[in-house]
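Mind the numbering: the sequence shown is residues 1 to 245 in the UniProt record's numbering, read in order. By construction, the Cβ of each residue, glycine as well, lies at the ideal position given by its N, Cα and C atoms. These notes are about the structure you will find just below.
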Amino acid sequence: MTTQRALDEPEGAGPGGPGARQPMFNLPAVIVWVLAIMWLVQLVRDFLLSRLQNLQVVIEGGFIPVRYSIDLGEQSLAWLWTPLTYSLLHGGFAHIIVNSIWLMAFGAVVARRIGTGRFLVFWLFSAVASAGLYWLMNQGSNVPMIGASGVVSGLMGAAARFAFPSGGRFNRTDAHLLPRLTLAQAMGNKTVLIYVAVWFGINALAAFGFAAGAGDGAQIAWEAHIGGFIFGFLLFPLFDVQPRH
1 MTTQRALDEP EGAGPGGPGA RQPMFNLPAV IVWVLAIMWL VQLVRDFLLS RLQNLQVVIE
61 GGFIPVRYSI DLGEQSLAWL WTPLTYSLLH GGFAHIIVNS IWLMAFGAVV ARRIGTGRFL
121 VFWLFSAVAS AGLYWLMNQG SNVPMIGASG VVSGLMGAAA RFAFPSGGRF NRTDAHLLPR
181 LTLAQAMGNK TVLIYVAVWF GINALAAFGF AAGAGDGAQI AWEAHIGGFI FGFLLFPLFD
241 VQPRH
């Protein structure tokens, strides 16, 4: 997740449902499609659009907090769709590569567990939650925020509720089959606590300007990361049809 100053991610009762297709490259189809959309957008912006056109895409597709301080009748309708579309735009290839790796690792686990439809709804709400906390802390900013990092953070928060067995290691292949932990169980799980502590530590570094994956002229929107993670960690049970432990 970055903010850009200039231009220089059939259901059944189980995960994926009983009739789910075999995932491509060991990834659920919905993850493959989300990755394809993100990369197609990035390639078109970088190789087919002019600098001015690219800037216009970021302005009309990125999340800009100050939009919500302006009379809605005096601006375009971008305020309506940008709380979602910003999550499909990135600040460069380093940015999208980092997000793609984390999406494949944690998004795939969540997608296998809750299925395509719920995954897409989760993406929508986690994008809005990420943008919401970012807006709350940057209401006067006219800098576009772009990137899937807030949603990826939401998926990582969701994974913390079921993917880490007590005393065991994260296993991307089988994690979606584990029982969901209650909030109290999750907070009492040493593996989860270490995972959460490391995650917040990395984002604390980002808040002070130490982070990889941001392009030139970009800042890390760590507020959006935290908004997404908290959303996923606390509200994942609303999307989960698997029984809790």
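- Query: In angstroms, rounded to a whole number, what distance separates the CA positions of ALA127 and SER50?
  - Reply: Locating residue 127 in the sequence shown gives position 127, counting from the first residue. Locating residue 50 in the sequence shown gives position 50, counting from the first residue. Roughly 28 Å between the two C-alpha positions.
- Query: Between MET187 and the rest of its own chain, which residues show a CB-CB distance below 8 Å, the 5 nearest in sequence each way excluded?
  - Reply: The residue given as residue 187 occupies position 187 in the sequence shown. Only LEU193 meet the Cβ criterion.
- Message: How far does the alpha helix (DSSP H) with ALA78 in it extend, from its first residue to its last?
- Response: For the purposes of this step, residue 78 is identified with residue 78 of the sequence shown, where counting begins at 1. Looking at the DSSP string, the run of the alpha helix (DSSP H) that includes ALA78 is 78 to 85.
- Quick one: what's got a C-beta closer than 7 Å to ARG45's C-beta in the same chain, skipping five residues either side? Along the sequence shown, read from residue 1 onward, the residue named residue 45 stands at position 45. Answer for ARG45: ASN54 and VAL57, listed in chain order.
- Message: Taking 8 Å as the limit between beta carbons, can you name the residues of its chain near VAL121, skipping five residues before and five after?
- Response: Counted from its first residue, the sequence shown places residue 121 at position 121. Here the set comprises PHE239.
- Query: In the DSSP assignment, what are the bridge partners of PHE63?
  - Reply: By one-based count along the sequence shown, residue 63 stands at place 63. BP columns for PHE63 point to MET145.
- Task: Look at the Cβ atom of ILE37, then the Cβ atom of LEU88, and state whether they are nearer than 8 Å.
- Result: Here residue 37 refers to the residue found at position 37 of the sequence shown. Here residue 88 refers to the residue found at position 88 of the sequence shown. For ILE37 and LEU88, yes; Cβs fall inside 8 Å.
- Task: Would you identify the three-state DSSP class for LEU27, choosing helix, strand or coil?
- Result: Position 27 of the sequence shown, counting from 1, holds the residue named residue 27. Strand, per DSSP.
- Should GLU223 be labelled buried (16 or more other beta-carbon atoms within 10 Å of its own) or exposed? Your numbering for residue 223 matches position 223 in the sequence shown. Label assigned to GLU223: buried.
- Item | Contact check, SER153 vs ASN99, beta carbons under 8 Å | Within the sequence shown, numbered from 1, the residue matching residue 153 stands at position 153. Within the sequence shown, numbered from 1, the residue matching residue 99 stands at position 99. The answer is no: Cβ separation not under 8 Å.
- Query: Quick one: Cα of PHE229 to Cα of ILE59, how far?
  - Reply: Walking along the sequence shown from the start, residue 229 turns up at place 229. Walking along the sequence shown from the start, residue 59 turns up at place 59. Going by the C-alpha atoms only, they are around 25 Å apart.
- For ILE226, does the count of other Cβ atoms within 10 angstroms reach 16, so buried, or fall short, so exposed? Position 226 of the sequence shown, counting from 1, holds the residue named residue 226. Buried, by the Cβ-count rule.
- Item | THR116 - containing alpha helix (DSSP H), residue span | To locate residue 116, count along the sequence shown from 1; it is residue 116. THR116 -> alpha helix (DSSP H) spans 108 to 137.
- To the nearest angstrom, how far is it from the Cα of TRP39 to the Cα of MET145? Locating residue 39 in the sequence shown gives position 39, where the first residue counts as 1. Locating residue 145 in the sequence shown gives position 145, where the first residue counts as 1. Those two C-alpha atoms are separated by around 18 Å.
- Beta carbon of VAL66, beta carbon of GLY132: below 8 Å? Here residue 66 refers to the residue found at position 66 of the sequence shown. Here residue 132 refers to the residue found at position 132 of the sequence shown. Cβ distance not < 8 Å, so VAL66 and GLY132 don't count as in contact.
- Message: Buried or exposed for GLY73, going by 16 or more other Cβ atoms inside 10 Å?
- Response: Against the sequence shown, residue 73 aligns to sequence position 73. With fewer than 16 other Cβ atoms within 10 Å, it is exposed.
- Message: Please list the terminal residues of the continuous alpha helix (DSSP H) segment that includes ALA206.
- Response: Counting from one through the sequence shown, the residue named residue 206 turns up at place 206. 190 to 207 is the span of the alpha helix (DSSP H), which, as asked, contains ALA206.
- Message: Within 10 Å of its beta-carbon, does HIS163 have 16 or more other beta-carbons around it, so buried, or fewer, so exposed?
- Response: For this step, residue 163 is matched to residue 163 along the sequence shown. Going by the sequence as given, residue 163 is Ala instead of His. So ALA163 counts as buried.
- Message: Within 8 Å, do at least three Cβ pairs link the segment 172 to 179 to the segment 199 to 206?
- Response: no
- Task: Would you mind sorting GLY117 into buried or exposed? The rule is 16 or more other CB atoms within 10 Å of its CB.
- Result: Numbered from 1 along the sequence shown, position 117 holds the residue referred to as residue 117. It counts as exposed.
- Message: Judging by CA-CA distance, which residue of ALA221, LEU183 and ALA108 is the nearest neighbour of LEU234?
- Response: Residue numbering aside, residue 234 sits at position 234 when the sequence shown is read from its first letter. It is LEU183.
- Item | Same chain, Cβ closer than 6 Å to TRP135, five either side skipped, listed in chain order | Position 135 of the sequence shown, counting from 1, holds the residue named residue 135. These residues qualify, in order along the chain: PRO65.
- Item | Buried/exposed call for GLN75, threshold 16 Cβ in 10 Å | Here residue 75 corresponds to residue number 75 of the sequence shown, with the count starting at 1. With fewer than 16 other Cβ atoms within 10 Å, it is exposed.
- Task: Might you give, ordered along the chain, the residues of its own chain that have their beta carbon closer than 6 Å to the beta carbon of ILE31, omitting 5 neighbours on each side?
- Result: Taking the first residue of the sequence shown as 1, we reach residue 31 at position 31. For ILE31, where only same-chain residues beyond five positions count, the Cβ hits under 6 Å are GLY107, ALA108 and ALA111.
- Quick one: residues in its chain with C-beta nearer than 7 Å to the C-beta of ALA160, no 5 flanking neighbours on either side, listed in chain order? Your numbering for residue 160 matches position 160 in the sequence shown. Same-chain partners within the cutoff: ALA186, VAL192, TYR195, VAL196 and PHE233.
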